[in-house]
Each structure stands twice: as structure tokens, then as C-alpha cells.
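A.B. asks:
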Amino acid sequence: MAASNPDVVPIAGGTDVMVELNMDLGRPETLMDVSRLPELAEWRRDNGHLFLGAGVTYTRIMRELPEHTALVQASRSVGSPQIRNRGTVGGNLGTGSPAGDALPVLAAWDAEIVLARPGGSTRSVPWREFLTGVKQTAREPGELILGARWNVPRGPGSFSKIGTRNAMVIAVANLCLQVDEVGRSIRVALGSVAPTVVRAHDAETFAAQAFEEADAWDDPGATLASDAVEGFGELVATAANPIDDVRGTSAYRRHAVAVMGRRALSWAIEDRRSGVGA
Amino acid sequence: MSGRVGERTREGVGVSVPRIDGVPKVKGQFAYGSDLWVDEMLWGHTLRSPHPHARIRSIEIGEAVASPGVYAVLLADDVPGTRFYGLEFADQPVLAWEVVRYVGEPVALVAAEHPELARRAAEKIVVDYEPLPAVTDMIRALEPGAPAVHPFGNVLSDVRVEHGDPNADAEIWVDGYYETGMQDQAPLGPEAGMAVPAEDGGIDLFVATQWLHIDRKQLAPCLNLPEDKVRLFLAGTGGAFGAREDVSMQIHACMLALHTGRPVKMAYGRAESFVGHVHRHPSRIWMRTGATREGNLVNVRARIVIDGGAYTSSSIAVISNATTFAPGPYEVPNALIEGTCVFTNNPPCGAMRGFGAVQVCFAHEGQMDKLAAALSMDPVELRLRNAAAPGSVLPTGQVIRGAAPVREVIERCAEIPMPPAAPPGPRDPLELPGGAAGNVGRGEGVRRGVGFAVGYKNHAYSGGFDDSSEARVSLAAGPEGPVAEIHCAAAEVGQGVHTILAQIARTVLGIERVILHTSDTLVGSAGSTSASRQTVVSGGAVKAACEAVLEELFERARRDARLSGSDLGVDDGFVTADGERVAPVEELLPQPIECTRVWRHAVTFPLDERGQGDVHVGFLFGAQRAVVDVDEELGLVRVVQLATAQDVGFAINPQSVVGQIEGGSAQGLGLALMEEIQLKDGQIANASFTDYLLPTTLDMPKVEIELVEEPEPGTPFGAKGVGEPSNVVAPAAIVSALRNALGRELHRIPVRPDDLVGLREPAGIPPWPPFPERPSREPSPATAGIQRTGEP
Amino acid sequence: MLVRTNVNGERRETDVWPGSSLLYLLREHLGLPGSKNACEQGECGSCSVWLDGELVCSCLVLAAQANEREVRTVEGLAAGEAMHPVQEAFVETGAVQCGFCTPGFVVAVADLLEQVPEAPEAVVREALSGNLCRCTGYEKILEAVRLASDRMRIREDEL
């Protein structure tokens, strides 16, 4: 169908597409219901990698993939049970909003986005090449997002999200931090503070260095000095390039990601000490 | 009147009777305005202005008219009668034609077979606008040279209240500046109704609204129909809170129906609903509060400015309220309060629960906290010391005559047990600011704060308004016993008035079965479902009508020789004589008895040029204590507990009263923490529930409630209105708690995380805007000769 | 386009504008206006229904996506005059004021109690955070959940 009609808009859970339709913001000529395609609704482990089908709902992620902590936390932060029963990571990718809650997790996990082309072939695009701008992606007309694939990291990680009420918010800022024990790196991705999700490279380098100096890679009980954690937070903030909008100011967003980064790193250190996420 | 009534009728007053429309509502069978359906109905749609201020050069409708499924495209020229309407002054165009004054102002109407077809057709209407300079800031609107919203200038109304000696000095002064943002009522049921053309050339309108008769009063002249040809019936109403006081789709739907000869349904979506009704006035308030060193208030001076938006609506009453309530429910010997409502090219503001008292309560309670701090005095002590009481003279010179248990309200609120202290160590993330979903903390940086606030509000209409309600009650013999039918136009919007009226009838008539006729215009006006007035005023009408029915019943009984001369009463379906049951009620009902009564409350008077007069009917007092947890690094809030005591007179239905207090507290919490219509050059930037945030189950805490029942003289069973006080005090209490937790100024509601973490400089105190030496005695539309609604 | 659904146990077939949501189908085509339209964006939960047994916002489901699927609405909770324990509890506790949010809440609460019969309050609040109420402040809704939960467990025990 997509082959003959490249402008067709795929719809699965509809939690973004239907809003556009209902609010009269978008009237695609054709919608293609992909919610029942079995290939999109599955996830698979292979060889240390996980493939997550674009049609797996947030509810199912929380139930079936509980050990993938940051992704579960991100899923739990999305909307309501009604939304989580329908919403998917595929939707987050298809919409390509910088506020998509699964996206900082995929970025922190260096995920690849798998696309199917009309004709049956597939291609994989690293997340940072897939998310190209505000609600812009590298998906070409006629292509379908099959899912995301990543090398499952070993180590603690977390996802946090800020909104001005305690539920049902579009992120003012969100953040995922992931410790990669094998690669000896700490990865941090930020959402809603730039046109796309971004990684905080300077902060990551700093943290890995600090772990090195504290001999933390070999000693899970090690801690960092509080000014190292502070410094990490400040560097996380430098990766943000936020704007003022209806949901928050850029000054607040910068401030908030520094706090979230600092906290996430502290929790990771704490979790390593207590053996969580090993 | 003679006769005793049963002490405690089952399901009578004082009982928490389940609401009479509860079952259809839980089964999804209750018909709201948006559920109405009739074959061959058309859907109406409104084309609205995209500009805050513009001249309309031309409107082309040809393509729209020719669009598929379209039955009508109407413009201002198609308004059959007068082209203006309004609650107090008819200053608002039914459809704009020369000029538009706010984004969202209706310009054209379309009727079509399907809402999608109507929308597509509306897109084809070509309106040639010439944008004009717009004024969207209320202080700017006061400046000479600001764009004029109306030819008669930007000041709608100036009100001065002068009490005692405004220059009286005090031993200690505190100064403050406060801002409140534009809140939206956001009733879950958006605007909806159906207009059905009638055979007599008139129109039947089924509509979700707050006051059927005032809608009709505005509707009839616009439709060029006599009032008796315009019949309104209350459709199921999904909340109101003030949003339905002004006309929204009523005139439009009727115009389309009369023009096409078909029933026309209009139901706004949420985005349209945001622009389709008035909002709460944003305010800026300057206050100087003077006291003795012991903490007795000496003098309150205030300057209040509120933004009325593009049209008058009920703004005149709102600024009057704000000004008269500004010093708070305290003994204040001297005061000078100057309030102004301005026009701007922002969307119009009007009634919302609290009606001016909310804004000033935030200010006067902020002042009381500052004073308490300056005097190193307990904030509750300070309020008790100054609490008003029966006999207190208010700044308007009005003496409080009714029940005014202010001290008791404060004390009982303060005595409500505090919630358990925050446990040390790791906390359950579900209870932290940000929630489990946010996952922003494991308890780091969470500070707890406590705040206290007291406030008050009037009930019923003020300033000399002839505020009344009419009820018709009939009593007949039914197959299972006597049945009373109440016909009253009181609009049930969810608050529970219909259930209350039935309870009153049961108690007075001593019977069980009461049915409510649809609220409609086939009976006289019940007045507005607003101002916390229906229980008292319509309750009063129903009680009076029932008492008249009872009189007639006893007359019939006395014609029976065995009952003459005895002290007659009713009890559980029986007529009693000297306390003994003598005959079942239905024995005396071979023909039904029907009585209609109009009930009026105590007379009020307009304010004179010094703001003096017995302007209000009666007062409702409330106190609230808020306990909050704040994440001081992220500025996220979790309200842990709201504790409140409210002066309710007599709770006719305690469960309903508690429900009103809980709901009002939630709306107050929303205004304190998260609700604001964000305007950018007159455009609403957040016209959706995604970005206009209402409190969820994770934002509202448990509300602990104490009902203070001191009967109010002159009202049915001593009841008072209950809907508004909790909304008035909650924002002040919550922000007081935040200030206590963080030690920050927090001069504005809703608070933003930026303010809570200290990213923004405190506002300081901007210069007080000037107030005229001699304010105009009349609001500007009056001076300009604009037609007053309801006057020939 | 033709959409065939099984709604509250009955097979229904209707022709709808393809862009219609399931909510629109239910309300305007199938004579089931119990589910409400308060926001059209899945923010308020007033349109909550079950789609193949899962709680969803029907405003976010394309009508066509319900083709050959089972839909259960508030109207399907109890037949005729009967009431589901959740419905009874809502009426008794005063959890209904204007009632516009009520059908959505009743469905969401019934769904919650089917899955977690004895949920602690914090869990209940989180589960219901996608249902907005403007009238009640949620207090009595939570009371209704507790009452319904107690009664449903008693009935379970009796079975």
C-alpha cells in the first residue's frame, strides 16, 4: 500500500496521529492501520541485542521488559493507562518530537532505527541520523518504521521527566542516564531542550574520566566527590539548547537538566553500590 | 403559617441523599447538550476572528454557500433583530461586522449536514481583515495613547471604597504587590445545545447553561421574537463554574435553525470552548497594610486593576466585588480601595467561581503573612485577632448582620490534625513531587511547608439587583401515594441543586415522592446558578411554594369537621392534628394543589460614590490550611493535605456540601499551581488540555473538612451558599505554604517552577497606577448610551 | 467506509467518514452517547472504553481500527436497570456531580479493579491519573473505588 501511495500516514496507537486529526491540524489523504501487523508487535533478543517492534505498546514494555529499567521508567511516564495501552515507541519515532519520552532512552542506548522500504528490504539508521529536527525524521515517504535495535547495556540507568503537574505531562525536560560497565562509559541523553534529543558528550567524557580516577570501573562500591557530581550536572546543562515556550522557559530547562543529571548520576552510583542493574 | 412538619423526613433536609440524576449519569444515559440528537438535524459551526483587533473590509461567502452539504452561511446582516447582546450591557455583537476586538470573536455561521462539512465550508469563507493596533496589557490599556478597544475608552469601571480615615497612620506597615493569571473554568462538558424551529414561528432551544431566563432575555431581541415565542429547556450540563453565564452558541444556533427551518445542533470542541467563553479576570493588586504593634489592623490601602478583555460581560460586578472584599474578613477601621476594570483586546473575562474575591484573597492573605512575619506573630493568631464577627463594620459601611462565625472557622481549621510528618529516608516515589512517573527524585531537596488563609465571599447578587427565584409546586395523589412535582428553572450544572429542592419539598410536605419537572422557561426565572445562591434563593422559592401548598392542604383538612381547630401538621405522608396522624395526605387530593411562589432575599443597595452601601446579601467565610512538599531544586510541588473549615449555615445535603468544598479546593489548587491561559498578543497559546493543565488524581490531596453550621437568618433552614469560599481561599493557603517551605516572595499565581527555584528576580513593587480624582459614577458603556440588557 | 464492530455484545455495521474516531462512531452512529467528548486528545479520559478488553481513549482510535474488534462501553457494564458495583458505589458516595467525566471514570475504575482488586490509594491515583474531573476534586471518586473494591471482593468471596 505504501509503495503505491508514499504519502500514506501509518497509524498504530493513534495517540499522536488522532490528535492531529481530531484537532483539525492534519488531514492526511490516507491512513494505514499498522496496529495489527504482527511483525511490529514483537520484540526479540538476539546475541546481546534487543529488537523492539514499533508496535509494542508502553503497557507491554512495562510488563514484558521489566529489566530494561530506563525504558520502563520512560514508559511509565507516558500519559495514562489508556494512553500506554495504545502508545508505542514506533509512534515516538514516527512523530519525532524532541519531547518523546522513549527517545532519550534510545539515544542513551545508541539504538538504531530499522525501517522497511516498499519492496521488502530494510535499512538501519542510527538514532542521531534518524531524528533530524523538530518533528522531522529521516523516514522517507513509503517507508515504515519496523522498530529499534540496540546493544543491551549492562549497568544501572534511569529516566526522569519534568512537568508542571504530577501526571499526564509533555516533558518540560527529560533525561536518560545509562552506565555501560562493559564499554566503561556513562551515556546521557536529553529531551525537550533542543530541536532533537541530544547526548551530553562533554558531561559523558567528564563522568567516565571521574569514574576512572576514582577507580570506580573496577570497584562498584566507589563514590565520586560531590563537586565531581556537581560538575557533571553543569556540563549536562551545557548540552541543552532550549527555548522558551508554553511549557517552560529556557532558563528553567537548563537549570533542570543540571539537577536531573546530577541526581541520575548519584542514583547510578548508589545503585552500583547496592548491586542494582548489574 | 400553621402546622408542624415531620422532625426528620427520610431523604429530607439534613440528609446526604444520593443525587436524583446519579443513576442515569453512571449508566451513561444522562443526556447532555452534546448528546442531543434528532433526525434531520444540521450541525452549526462558527467562524472566528484570528486577529485581536482588526477592521473587517469584506466577507465573501459564495464558495462556502456552494460547498457540499451546506444549508446556510450567515453573517451579521442576517441577525433578525438587535445585533448586540450582553449580561449587563448589550455591547457584544452576535456576529462581528465592522470590527473584531479579540481573537475568537464570532464572525460567521455555517449550518451543514456533518460537522466536518461545516468546518470545511467555514474555511472557504474569505474575510478581508485590516489588522489594527491591539492593546493586550492591562496597565498599557490605562495609558493615554493606548489603542482604544471601544470608542468610549479603555476604562470600563472605576470603583472607590473609602472607609474611616484613609490617611490614618499605623505603627507598622507592610507593602505588597500581587498578580493573578487568567484561569479558565474548563467545565468538562463543552458548550452545546440544539435549537428546534417551532410551528408557531418561534424557537425551542435545548441548552446547557446557568440561567435560562437571562439567555432568553438576550436571545429574544436578537431573534426579533417576543419572549413567549422563545422557549428554553435545560439540557444536561457538564459543569459551569461561570463559563455558561454568558451566551455562547445560543443565538447562533437559533439563527441557523430559524433560517434553515431545521433543528441545528452546536457542540464546541475543547479548543473552541477555550475561546468560546469568558475567563477569570487576571489581576494586579498593590496593597499597603497598616497595623498596631500588637497586630490590630488599622488601615488597608489597595489599588486593583483587572483585565476585562474586549467586552463588558459581568466585569462591572467583578471589580465591585474585588474592591469590596479587598481587605479581607477582618475588622479594618480605615481603608481606601481603588479598583479599575479595563478593556483590552484579550478574550473577554467574566464570571468564574469566586468572582473577584479569589484575586484579592491572594493579596490580603499575602499581606497578613507579611504582617505576621514582621510582628513575629503566629499567622493564625494574627487572623484570630482581627477576625470579623456579627456587628463588624465592613469597608463599605455595611454591618455584618447574619451568621459570621469567622473565629470558629479559623479555629476549627487550625485544629484539624496535621498529616503525618514526612518520613526520613527513602520515600515512596509515588508520593514525591513529580510522582513515580516523573521519577525526578528519591527525596532529595524536598521541603515541607505549611500555610494558612482566610477569606470570604458574598452569596446571591449584590448592589440592588432584584434577585429572585420562582417555583411552582404541585401535590397530587399518585398510584403509590402522594407525589409532589417541582417546576423550577434553577439550572443543575452538577452542584446538586435539583436534589436539594427535592429534599426541601419532602421535608416541608412530609412526603417521599418528589419529581422534578425539566428546568425551562415555562416557569418564571430562578435566577442564575452562580454566586452560591441557588440553595438559598430557589430553595427559598420551593419552600415557600410548598408551604403555600400545605396551607391549601390544611384548608381542605379544616373543611373536614373532625380536624377543624386543631394544630395541623404533616408527617410521613399523613396529615396530623396535634401530633396525631388523622388522614393520609392523598385523601385530601381528589384534585391536585398547585402553588407558585417567588422568593426574594434581603434588599441590597448599590455603592455610592465613596463605595458605601449595604451592597451584599450575606457572607460566606472559609479558612484553609495547606501542607505542601516542594522539591526546592526543581520547583515541583506536591500538596500533601488541604484542611478547611467553612461556614455553611446549615448543610441541607452534607455529602453535596462536602463535594462542593472539595471541588472548589481543586480549582483553587489549579489556580495556585498550574492553570493559566497563556496569551501572546491576544492569542491563546494553550487552548487544549495538553497545555492548560487541570489537577489530576496525583495532584489533589485529601481534603479534610469541618463544616461550621451556624444558621443564617432569613434563609431556608438557615442554609448558606457553599460553592465558592473554598476556591477563594485555596490559592492563598497553598502559596502561603510554598513561601513557608522556601522562604521566597512568590507574588504571582499560578506559581512557576522558575519562581520556586529562584530563577526570576522578585518583582518588587511597581509604581501604583493612578486612579482618577473623581471616578465616573457610571461604567463607561452607560455613559456611552449602550443599551442595558432587559431595559426597553 | 463500512466499519463492522461488536459493541457491547452486539454486531453493528456502519458507514462512516474515514477520519472518524471510534468515539464519534459510538456517539453519532451507534446511539451510544455514554462515552463523552471533552478534549478530543486523550487528555481527559471521558471517552474511555475497552477495545478487545484493553482500556483505551476512544477518541484516539480510528473507527476503522475497531473493525472486526470488540468494543465495550459504559452502556455495556450492566444491562437494563441493573448496575455494576462501580456504578452503585459512584452514586452512593457522591462521586458524581455534573457527571460528564463519570462514564470514563466508571470504565477506568472497573478496569482497574478487574486487574488489581485491592489497590492501595497511591496505585489507584496513578491508575486514574488519565481521567480528569473538574467538579469533585477526586475525593469521593476514591471513596467510590474503595467501596466498589470492598463489595466486589465480598461478592467474589461469596461465589
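Residue numbers (my numbering), protein chains in the order written: chain A, 13 to 290; chain B, 634 to 1425; chain C, 3 to 161.
C-beta: ideal position from N, C-alpha, C; glycine also.
Quick caveat, the model's predicted, so the values are computed rather than measured.
Mind checking the region 1318-1330 of chain B against chain A and listing, in chain order, the residues whose C-beta falls within less than 9 Å of any C-beta there?
C.D. replies: If the cut-off is 9 Å between Cβ atoms, the region 1318-1330 of chain B has Ala-1318, Asn-1319, Ser-1321, Phe-1322, Thr-1323, Asp-1324, Leu-1326, Leu-1327, Pro-1328, Thr-1329, Thr-1330 near chain A.
A.B. asks: Report yes if the C-beta distance between B/Thr-1329 and B/Glu-721 is below 8 Å; otherwise report no.
C.D. replies: No, these two residues do not count as a Cβ contact at 8 Å.
A.B. asks: Taking 8 Å as the threshold (beta carbon to beta carbon), is A/Gln-292 in contact with chain C?
C.D. replies: Residue 292 of chain A is absent from the model: chain A starts at 13 and stops at 290.
A.B. asks: Tell me the start and end of each unbroken beta strand (DSSP E) in the region 827-892 of chain B that is at least 3 residues and wholly inside, in chain order.
C.D. replies: Correct list: 836-840, 863-867.
A.B. asks: Closer than 7 Å by beta-carbon distance: list the chain C residues that pair up with B/Thr-813, in chain order.
C.D. replies: Residues of chain C passing the Cβ test: none, with the nearest at roughly 19 Å.
A.B. asks: Could you please give the first and the last residue of the uninterrupted beta strand (DSSP E) stretch that includes B/Ser-1152?
C.D. replies: Run containing B/Ser-1152: none; DSSP gives neither H nor E here.
A.B. asks: Taking C-beta to C-beta, are B/Gln-598 and B/Ala-1374 nearer than 8 Å?
C.D. replies: This structure does not reach residue 598 of chain B, given that chain B is present from 634 up to 1425, and the question cannot be answered.
A.B. asks: Taking the continuous alpha helix (DSSP H) assigned at B/Tyr-735, which residues delimit it?
C.D. replies: Note, B/Tyr-735: premise wrong, no alpha helix (DSSP H); not H, not E.
A.B. asks: Where does B/Arg-1410 sit, in a helix, a strand or coil, going by DSSP?
C.D. replies: In this structure, B/Arg-1410 counts as coil in the three-state DSSP scheme.
A.B. asks: In whole angstroms, give me the CA-to-CA distance for B/Ile-1338 and B/Arg-1040.
C.D. replies: The straight-line gap from Cα to Cα measures roughly 16 Å.
A.B. asks: Excluding sequence positions up to five away, which residues of its chain have a Cβ less than 6 Å from the Cβ of A/Ala-222?
C.D. replies: Excluding sequence neighbours, A/Ala-222 sits near Leu-236, Ala-240.
A.B. asks: By the 10 Å Cβ neighbour count, where 16 or more other Cβ atoms means buried, how is A/Met-30 classified, buried or exposed?
C.D. replies: Result: buried.
A.B. asks: For B/Ala-697, is the beta carbon positioned less than 7 Å from some heavy atom of the ligand ZN?
C.D. replies: Annotation note on the ligand ZN: not contained in the displayed structure, which lists no ligands.
A.B. asks: Check this for me: beta carbons of B/Thr-977 and B/Ile-1382, under 8 Å apart or not?
C.D. replies: No, they are not a contact pair.
A.B. asks: What is the DSSP secondary structure of B/Glu-1343, counted as helix, strand or coil?
C.D. replies: Coil, per DSSP.
A.B. asks: Measure how close the beta-carbons of B/Tyr-735 and B/Ile-884 come, nearest whole angstrom, since I'm counting them as under 8 Å.
C.D. replies: Rounded, the Cβ-Cβ distance is 17 Å, inconsistent with contact.
A.B. asks: Return the CA-CA distance between B/Leu-775 and B/Val-975, expressed in angstroms with no decimal places.
C.D. replies: When rounded, the distance between both Cα atoms is 7 Å.
A.B. asks: Kindly confirm or deny that the region 665-675 of chain B and the region 891-910 of chain B touch, where touching means at least three C-beta pairs closer than 8 Å.
C.D. replies: Touching, per the Cβ criterion.
A.B. asks: Per the DSSP calculation, A/Ser-172 is bridged to which residue(s)?
C.D. replies: Its beta-bridge partners are A/Leu-187.
A.B. asks: Within the 8 Å Cβ cut-off, does B/Gln-1167 reach chain A?
C.D. replies: No, because no Cβ of chain A sits closer than 8 Å to the Cβ of B/Gln-1167.
A.B. asks: Are B/Val-1106 and B/Ala-1178 close, meaning C-beta to C-beta below 8 Å?
C.D. replies: A contact, by the Cβ cut-off of 8 Å.
A.B. asks: Name the chain F residues that come within less than 9 Å of C/Gly-11, Cβ to Cβ?
C.D. replies: In summary, chain F is missing from the structure at hand, where the protein chains are A, B and C.
A.B. asks: Measuring only between beta-carbons, confirm whether B/Glu-1077 sits less than 8 Å from chain A.
C.D. replies: Closer than 8 Å to some Cβ of chain A, the Cβ of B/Glu-1077 qualifies, so yes.
A.B. asks: Give every residue of the same chain whose Cβ lies closer than 8 Å to the Cβ of B/Met-634, excluding the five residues on either side of it in the sequence, and list them in chain order.
C.D. replies: Residue confidence is low: B/Met-634 scores 34 on pLDDT, short of 50, so the model does not pin down where it sits. Its coordinate-derived value is still stated next. Around B/Met-634: Glu-1180, Leu-1183, Glu-1184.
A.B. asks: Can you name the residues of chain C whose CB is closer than 8 Å to the CB of B/Met-1333?
C.D. replies: Simply Gly-139, Tyr-140, Glu-141.
A.B. asks: Given C/Trp-52, which residues of its chain have a CB within under 6 Å of its CB, disregarding the five upstream and five downstream residues?
C.D. replies: Arg-74, listed in sequence order.
A.B. asks: Measuring straight from C-alpha to C-alpha, what distance separates B/Val-840 and B/His-678?
C.D. replies: Their Cα atoms are separated by approximately 16 Å.
A.B. asks: Does A/Gly-103 come within less than 8 Å of chain C when only Cβ atoms are used?
C.D. replies: For A/Gly-103, the answer is no, since every Cβ of chain C falls outside 8 Å of its Cβ.
A.B. asks: Give the range of the alpha helix (DSSP H) segment to which B/Lys-757 is assigned.
C.D. replies: Premise fails: B/Lys-757 is in no alpha helix (DSSP H) and is neither H nor E.
A.B. asks: Skipping 5 residues on each side, what residues in its chain have a beta carbon closer than 7 Å to that of B/Tyr-872?
C.D. replies: Reading off the sequence, residue 872 of chain B comes out as Gly, not Tyr. Cβ neighbours of B/Gly-872 beyond the five flanking positions: Pro-820, Leu-821, Gly-822, Val-1126, Gly-1127.
A.B. asks: Could you check whether the Cβ of C/Thr-16 sits closer than 8 Å to any Cβ belonging to chain B?
C.D. replies: It does not: the Cβ of C/Thr-16 has no partner Cβ on chain B nearer than 8 Å.
A.B. asks: Compute the beta-carbon to beta-carbon distance between B/Ile-952 and B/Ile-939, rounded to the nearest angstrom, for a pair I have assumed lies under 8 Å.
C.D. replies: At roughly 6 Å, the Cβ-Cβ gap stays under 8 Å, so B/Ile-952 and B/Ile-939 are in contact.
A.B. asks: So which of A/Ile-73, A/Ala-251, A/Arg-274, A/Ala-150 has the shortest CA-CA distance to A/Ala-212?
C.D. replies: Ranking A/Ile-73, A/Ala-251, A/Arg-274, A/Ala-150 by Cα distance to A/Ala-212 puts A/Ala-251 first.
A.B. asks: With the cut-off set at 8 Å, would you say B/Ala-924 and B/Val-794 are in Cβ contact?
C.D. replies: No, the pair does not count as a contact, with Cβ atoms beyond the cut-off.
A.B. asks: By DSSP, does B/Pro-1386 sit in helix, in strand, or in coil?
C.D. replies: If DSSP states are grouped into helix, strand and coil, B/Pro-1386 belongs with the helices.
A.B. asks: Would you list, in sequence order, the uninterrupted alpha helix (DSSP H) runs of no fewer than 4 residues that lie entirely inside the region 663-734 of chain B?
C.D. replies: Complete alpha helix (DSSP H) runs here, min 4: 695-698.
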